[in-house]
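Peer 1:
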Amino acid sequence: MKNKAQEILSHLLEDDFNFDATIKEIDALRKSYQQQHDEENANVAWATLEIVSLHRDYRMVYSMLQEKQYYDAWCLLEQIEIGIVHLLRNFSGIKNAVSYIETMVRQLQSLYPYRVFFSTVIIVKERICGICGKKRSIRHHCGHFPGHVYNGELCIDIVKKAELEGVDIVFNPEHKYAVAFMSDEKDGRKDYDYTLLDGIMSRWDDPYRPWHYTTKHIHKSPDEFPDLTDDSMCPCGSGKKYGECCKNDPEGVKHVVYEFRPGLKEEI
Amino acid sequence: MENLKIKDDTRSREEWMDIAGLPEILRKNVMAADVLIVPSLMQNQPKAFMVGTMDLYAVLKAQMGDKMEICIADDDYEEIELNSRILRLGRFCVKQVALPLFLSVLGAYIYDRLKEPEPVEVTVELPEYQQPATVSFTIAVEDTLGKKKEFQYEGPAADYKQVAAEIEKLWNEE
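Read top to bottom, the protein sequences are chains V and R. To convert, take the position in the first sequence, counting from 1, and add 110; that gives the numbering used here. To convert, take the position in the second sequence, counting from 1, and add 1438; that gives the numbering used here.
1. Under the three-state reduction of DSSP, which class applies to residue 241 of chain V: helix, strand or coil?
2. Could you confirm whether any beta carbon from chain V is found closer than 8 Å to the beta carbon of residue 1523 of chain R?
3. What does DSSP give as the partner residues of residue 1588 of chain R in its beta bridges?
4. DSSP on residue 309 of chain V, reduced to helix/strand/coil?
5. Name the one or two DSSP bridge partners that residue 323 of chain V has.
6. If you drop the 5 nearest sequence neighbours on each side, which residues of the same chain put their C-beta closer than 7 Å to that of residue 1455 of chain R?
7. Any beta carbon from chain R within less than 8 Å of residue 177 of chain V's own beta carbon?
8. Starting from the C-beta of residue 183 of chain V, find all residues in its chain whose C-beta is less than 7 Å away, skip the five residues before and the five after it, and write them out in chain order.
9. Assuming residue 1460 of chain R and residue 1604 of chain R make a contact with CB atoms under 8 Å, what is their CB distance in whole Å?
10. Is there at least one Cβ from chain V nearer than 8 Å to residue 1493 of chain R's Cβ?
11. Assign residue 228 of chain V to one of three DSSP states: helix, strand, or coil.
12. In the DSSP output, what is residue 1488 of chain R paired with across the bridge?
13. Which value, in whole angstroms, describes the spacing of the CA atoms of residue 1488 of chain R and residue 147 of chain V?
14. Below 7 Å on C-beta distance, what does residue 365 of chain V contact in chain R?
15. Is it the case that the region 224-239 of chain V contacts the region 1514-1529 of chain R, given that we only count it when at least three CB pairs across the two stretches are under 8 Å?
16. Kindly provide the ranges of any beta strand (DSSP E) runs that are 3 or more residues long and lie completely inside the region 122-173 of chain V, ordered along the chain.
17. Should residue 1557 of chain R go down as buried or exposed, given a rule of 16 or more other Cβ atoms within 10 Å for buried?
18. Is residue 1482 of chain R buried or exposed, if buried means 16 or more other CB atoms sit within 10 Å of its CB?
19. Of the residues R/1515, R/1531, R/1492 and R/1507, which one's Cα is nearest the Cα of residue 1448 of chain R?
20. Quick one: give me the first and last residue of the beta strand (DSSP E) that residue 272 of chain V is part of.
21. In angstroms with no decimal places, state the Cα-to-Cα distance between residue 1571 of chain R and residue 287 of chain V.
22. Is it a yes or a no for the region 234-248 of chain V touching the region 1486-1501 of chain R, going by three-plus beta-carbon pairs under 8 Å?
23. Which residue marks the beginning of the alpha helix (DSSP H) containing residue 1551 of chain R, and which one marks its end?
24. Determine the burial state of residue 208 of chain V: buried for a count of at least 16 other Cβ atoms within 10 Å of its Cβ, exposed for fewer.
25. Figure out for me which residue from V/143, V/130, V/149 and V/158 has the closest Cα to the Cα of residue 381 of chain V.
26. Cβ closer than 7 Å: which chain V residues qualify as neighbours of residue 1564 of chain R?
27. Within the continuous alpha helix (DSSP H) that includes residue 252 of chain V, where are the two ends?
28. Express the C-alpha separation of residue 281 of chain V and residue 127 of chain V in angstroms, rounding to a whole number.
29. What does the Cβ neighbour count give for residue 113 of chain V, buried or exposed, with the cut at 16 atoms within 10 Å?
30. Which residues, in chain order, does the region 225-246 of chain V contribute to contact with chain R at a C-beta distance below 7 Å?
31. Going by other Cβ atoms of all chains shown within 10 Å of its Cβ, with 16 needed for buried, is residue 274 of chain V buried or exposed?
32. By the criterion of Cβ-Cβ separation under 9 Å, what are the contact partners of residue 205 of chain V in chain R?
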């Protein structure tokens, strides 16, 4: 399987790479190794499958952002992030296969305007092991640990009984998909300003062409915002009204400047 | 160390056993254990432990064998999931003799759990959800002469080594 995996991965960045057919092929191999209880090869097949799927999903994110499907792309970015964590936890030696995606995923996420999220408080009463199906028991561990790969299968726990205790609002969610929206953006109303992502997407013509950015803080004169009133939302993005925020700052309106470097068609 | 809080009093093992409604058959082992995981008492749940405790229990058991226990009956065990991005390890009662080994195993566990992507670049203003990982735990240390101290930490996971050294130092003072 190792040679086969290397061959597949060497073609991954080609424009006409057939993701669906390759995923089907590797999955069939993985299942055959599983049936033979060839754990080593089954695990390599799992890792290869993950890498190919991560690259496919990354390309999908790029397409979604081109189509301005921001929230869908956000959710897929989170799935890629989780996939990378699982992959590297089990196969830390293959970091190079996903390190570019890892960097770009985090950069794209950080350009999103989402800052407030919902977070559930759940009491888990009963769960079973996703590998052997046994009920989890504190003193009688089945030997399978969530997040580890066994015979070509990622171990996850399946919750059978749980109670929702509450919902919190947080800034550092475990589940990034739980973005706080005021309305359904699919109806056309936008709660968030996606200017940064739009700016990138209008100048980024290849998902495998890297770009980087830095930020710096400056202050702008209130004269640059002629329509600003005390009741306007402050342009600094604090979420407060201008009259209660930067109006009282003698240096002016706080402003973050993003400077993008190589990889884009033109500097912004 | 500003994220590390210290108290001179802490609940006794008997109190924890009553809180958890521990059956008589398990009480002897709980009293004897060098390291005891006790309920987190989050959201006033007397039988709930932080999510992931089952895995931590298995790791500690592999290192310490019968010298560690958890203060709950198998059928009563529950986990509480608070879905903000903090690695909450829970609450522990540790006998002085086992403190160095426990702190070392806990450090290895944190390292394993928090293998995560590197920050994008230090020159970038990162949203809170991309800030370095945070960890929290409470450790009550006790000796055979009745000395007790409780250490509570919530802060950067990257600082764990210094925190562990500080806990040992503070415990050994006096």
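For each residue, glycine too, the CB sits at the ideal point set by N, CA and C.
Peer 2: For this structure:
1. Locating residue 241 of chain V in the first sequence gives position 131, counting from the first residue. If DSSP states are grouped into helix, strand and coil, residue 241 of chain V belongs with coil.
2. One-based indexing of the second sequence puts residue 1523 of chain R at position 85. Yes, its Cβ sits closer than 8 Å to a Cβ of chain V.
3. Looking up residue 1588 of chain R in the second sequence gives position 150. Paired residues: R/1445 and R/1578.
4. Taking the first residue of the first sequence as 1, we reach residue 309 of chain V at position 199. Helix, per DSSP.
5. Taking the first residue of the first sequence as 1, we reach residue 323 of chain V at position 213. DSSP, once it has assigned bridges, lists V/370 as partnering residue 323 of chain V.
6. Locating residue 1455 of chain R in the second sequence gives position 17, counting from the first residue. Cβ neighbours of residue 1455 of chain R beyond the five flanking positions: 1465, 1468 and 1509.
7. To locate residue 177 of chain V, count along the first sequence from 1; it is residue 67. No, residue 177 of chain V lies away from the interface with chain R (no Cβ there is under 8 Å from its Cβ).
8. Indexing the first sequence from 1 puts residue 183 of chain V at position 73. 171, 174 and 175.
9. Position 22 of the second sequence, counting from 1, holds the residue named residue 1460 of chain R. Position 166 of the second sequence, counting from 1, holds the residue named residue 1604 of chain R. At roughly 32 Å, the Cβ-Cβ gap does not stay under 8 Å, so residue 1460 of chain R and residue 1604 of chain R are not in contact.
10. Counted from its first residue, the second sequence places residue 1493 of chain R at position 55. It does: the Cβ of residue 1493 of chain R has a partner Cβ on chain V nearer than 8 Å.
11. Along the first sequence, read from residue 1 onward, the residue named residue 228 of chain V stands at position 118. Three-state DSSP puts residue 228 of chain V in a strand.
12. Position 50 of the second sequence, counted from the start, is the residue given in the question as residue 1488 of chain R. In the DSSP output, where bridge partners are listed per residue, residue 1488 of chain R has R/1518.
13. Sequence index remark: in the second sequence, residue 1488 of chain R carries index 50 (1-based). Sequence index remark: in the first sequence, residue 147 of chain V carries index 37 (1-based). Looking at the two C-alpha atoms, the distance is approximately 35 Å.
14. Position 255 of the first sequence, counting from 1, holds the residue named residue 365 of chain V. Correct list: empty, because the minimum Cβ distance to chain R is about 12 Å.
15. yes
16. none
17. The sequence position of residue 1557 of chain R within the second sequence is 119, counting from 1. For residue 1557 of chain R, the pLDDT reaches just 47, beneath the cut-off of 50, and the residue's location in the model is therefore unreliable, although a value from the coordinates is still provided. Result: exposed.
18. Your numbering for residue 1482 of chain R matches position 44 in the second sequence. The residue is exposed, with fewer than 16 neighbouring Cβ atoms inside 10 Å.
19. For the purposes of this step, residue 1448 of chain R is taken as residue 10 along the second sequence, with counting starting at 1. Of R/1515, R/1531, R/1492 and R/1507, the residue nearest in Cα terms is R/1531.
20. Residue mapping note: residue 272 of chain V aligns to position 162 of the first sequence, counting from 1. Where residue 272 of chain V is concerned, the enclosing beta strand (DSSP E) stretches over 267-280.
21. Numbered from its first residue, the second sequence carries residue 1571 of chain R at position 133. Numbered from its first residue, the first sequence carries residue 287 of chain V at position 177. Residue 1571 of chain R and residue 287 of chain V: Cα-Cα distance of roughly 19 Å.
22. yes
23. To locate residue 1551 of chain R, count along the second sequence from 1; it is residue 113. Here the alpha helix (DSSP H) through residue 1551 of chain R covers 1537-1551.
24. Position 98 of the first sequence, counted from the first residue, corresponds to residue 208 of chain V. Counting Cβ neighbours within 10 Å, residue 208 of chain V comes out buried, since at least 16 surround it.
25. Residue 381 of chain V is absent from the model: chain V starts at 111 and stops at 378.
26. Here residue 1564 of chain R refers to the residue found at position 126 when the second sequence is read from its first residue. By Cβ distance, chain V contributes 220.
27. The sequence position of residue 252 of chain V within the first sequence is 142, counting from 1. Here residue 252 of chain V belongs to no alpha helix (DSSP H), and DSSP marks it neither H nor E.
28. Position 17 of the first sequence, counted from the start, is the residue given in the question as residue 127 of chain V. Position 171 of the first sequence, counted from the start, is the residue given in the question as residue 281 of chain V. Distance between the alpha carbons of residue 127 of chain V and residue 281 of chain V is about 38 Å.
29. For the purposes of this step, residue 113 of chain V is taken as residue 3 along the first sequence, with counting starting at 1. With fewer than 16 Cβ atoms within 10 Å of its Cβ, residue 113 of chain V is classed as exposed.
30. 225, 229, 230, 231, 232, 233, 234, 235 and 246
31. Start at 1 with the first residue of the first sequence, and residue 274 of chain V comes out as number 164. Exposed, by the Cβ-count rule.
32. For the purposes of this step, residue 205 of chain V is taken as the residue at position 95 of the first sequence. By Cβ distance, chain R contributes nothing, its closest Cβ being about 10 Å from residue 205 of chain V, past 9 Å.
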